[in-house]
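Note sheet for the following structure.
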Amino acid sequence: MKEQYDVIIIGGGPAGLNAAMILGRSRRKVLLFDSGKPRNRWSTSMNGFLSSDGVNPGDFIKKGREELQKYQVQVIEGAVETATYSKGQYIVDDQHGNVYHSRKLLLATGLKDTLPEVEGIEPLYGKSVHHCPYCDGWESRDKAIAVYGKDRSGIGQALAMKNWSDDVTLYTDGTRKLNNKDMELLKLNGVKVCTGAIARLEGEDGMLQHIVLQNGESKKQGALFFSGETKQQSDIGEQLGCEFTGKGVIKTRRLQQANIPGLYVAGDAARDMQLVIVAAAEGAKAGVAINMELQQEDRVNP
Numbered sequence: 027m028k029e030q031y032d033v034i035i036i037g038g039g040p041a042g043l044n045a046a047m048i049l050g051r052s053r054r055k056v057l058l059f060d061s062g063k064p065r066n067r068w069s070t071s072m073n074g075f076l077s078s079d080g081v082n083p084g085d086f087i088k089k090g091r092e093e094l095q096k097y098q099v100q101v102i103e104g105a106v107e108t109a110t111y112s113k114g115q116y117i118v119d120d121q122h123g124n125v126y127h128s129r130k131l132l133l134a135t136g137l138k139d140t141l142p143e144v145e146g147i148e149p150l151y152g153k154s155v156h157h158c159p160y161c162d163g164w165e166s167r168d169k170a171i172a173v174y175g176k177d178r179s180g181i182g183q184a185l186a187m188k189n190w191s192d193d194v195t196l197y198t199d200g201t202r203k204l205n206n207k208d209m210e211l212l213k214l215n216g217v218k219v220c221t222g223a224i225a226r227l228e229g230e231d232g233m234l235q236h237i238v239l240q241n242g243e244s245k246k247q248g249a250l251f252f253s254g255e256t257k258q259q260s261d262i263g264e265q266l267g268c269e270f271t272g273k274g275v276i277k278t279r280r281l282q283q284a285n286i287p288g289l290y291v292a293g294d295a296a297r298d299m300q301l302v303i304v305a306a307a308e309g310a311k312a313g314v315a316i317n318m319e320l321q322q323e324d325r326v327n328p
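In this note's numbering, the protein residues as written are 27 to 328.
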């Protein structure tokens, strides 16, 4: 006979782990899949999480896994290839061809960042090149901070970074779409602008040192922030027919429900406030909502 789970969770980051804990503590039969590719796997520290500020992301996940053991949450290290919904059941196929069934499904698959196409950026990403100032701005405080944004896309972030440093430069990488009003706004707020095309980033041991322009000019910088596109880590939401926002995240209601019965989404895949602590909180909220829905379905009414 097929093995039936109360809940299958796809994604073993903060959202998935916290949901698994709530559901495990509620004595639910839970299966969690973790592909081992969290969004922040390049980072050396996870910041802004009370009691875990500065913790290595890998250590955070390891500790979370250990805490789940006493609740008999089953963890499978691997990716889910497909998921379907039919007659109140979710059918999940993993990368090894195994099939699993559950009453409810939680997507906590997260997002992935699209790095700017600049030579030398990859070895620096997660150490001195970042996308989130609330995650890494403190560590870059008072440095010469570069903000990367083609056309007009970097204006907002460049202005925001003045919160962490007085020395902020917006790089538009060869594009010249800033108008007079933009330039006046940036100048009034002390943001420098460089429109020259970038040849490469230079640094050592993951730390940015210089931005070299194609004209040969070298500019000393201590950190770089960018606001690039993000994509869903997994296409499971698309497979199931989820509704998406204009920003590419899955639409959810107040308690993390998607538009498919019994489907919940938590973490970066579902929200614009993309912080680890928010993802964990959404996972906990989804866990409670899922358990309440299961209680209602199982309750015998007169």
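Backbone N, C-alpha and C fix where the C-beta goes; we use that ideal spot for every residue, glycine too.
Kindly indicate which three-state DSSP category residue i falls into: helix, strand or coil?
| i | result |
| --- | --- |
| isoleucine 48 | helix |
| serine 112 | strand |
| leucine 141 | coil |
| isoleucine 147 | coil |
| alanine 312 | helix |
| glutamate 269 | coil |
| arginine 129 | strand |
| valine 304 | helix |
| isoleucine 286 | coil |
| alanine 172 | strand |
| alanine 322 | Residue identity differs from the one stated: residue 322 is glutamine in this sequence, not alanine. Three-state result, glutamine 322: helix. |
| serine 71 | coil |
Based on Cα-Cα distance, which residue from the options lies nearest to residue i?
| i | options | result |
| --- | --- | --- |
| serine 112 | Cys161, Lys130, Glu92 | Lys130 |
| glutamine 258 | Gly74, Glu92, Leu137, Gly229 | Leu137 |
| asparagine 44 | Asp193, Ala312, Gly104, Gln321 | Ala312 |
| serine 253 | Val217, Gln183, Gly38, Gln115 | Gln183 |
| serine 77 | Arg226, Leu196, Gly248, Val302 | Val302 |
| isoleucine 48 | Val81, Asn327, Ala307, Gln121 | Ala307 |
| serine 329 | Glu264, Glu107, Gly114 | Here the chain comprises residues numbered 27 to 328, so residue 329 is not present and cannot be evaluated. |
| glycine 146 | Gly200, Lys96, Lys169, Gly232 | Gly232 |
| lysine 63 | Glu93, Val99, Asp139 | Asp139 |
| glycine 200 | Lys213, Ile224, Ala170 | Ile224 |
| arginine 54 | Thr195, Asp120, Val99, Asp85 | Val99 |
Taking residue i as part of the beta strand (DSSP E), name the residues at either end of that continuous run.
| i | result |
| --- | --- |
| isoleucine 237 | 233–239 |
| aspartate 60 | 56–60 |
| leucine 214 | Leucine 214 -> not in any beta strand (DSSP E); alpha helix (DSSP H) instead, spanning 206–214. |
| asparagine 103 | The question names asparagine, but residue 103 in the sequence shown is glutamate. Unbroken beta strand (DSSP E) run through glutamate 103: 100–103. |
| phenylalanine 251 | 249–252 |
| isoleucine 35 | 30–36 |
| serine 244 | 244–246 |
Return the CA-CA distance between residue i and residue j, expressed in angstroms with no decimal places.
| i | j | result |
| --- | --- | --- |
| glutamate 210 | isoleucine 181 | 12 Å |
| arginine 325 | isoleucine 34 | 21 Å |
| alanine 134 | asparagine 241 | 45 Å |
| valine 118 | valine 125 | 6 Å |
| glutamate 29 | tyrosine 116 | 12 Å |
| phenylalanine 270 | asparagine 206 | 35 Å |
| proline 336 | lysine 89 | Missing from the structure shown is residue 336; the chain here goes from 27 to 328 and no further. |
| lysine 96 | arginine 167 | 41 Å |
| alanine 18 | leucine 239 | The structure shown does not extend to residue 18, since the chain spans only 27 to 328, so no value can be given for it. |
State the start and end residues of the unbroken alpha helix (DSSP H) segment that holds residue i.
| i | result |
| --- | --- |
| tyrosine 160 | 159–162 |
| glycine 229 | Element bounds for glycine 229: not the alpha helix (DSSP H) but the beta strand (DSSP E), 224–230. |
| alanine 398 | Residue 398 lies beyond the range of the chain shown here (27 to 328); nothing can be said about it. |
| lysine 88 | 83–94 |
List the residues that DSSP assigns as beta-bridge partners of residue i.
| i | result |
| --- | --- |
| aspartate 193 | DSSP lists no partner for aspartate 193. |
| isoleucine 117 | Thr110, His127 |
| lysine 218 | Thr195 |
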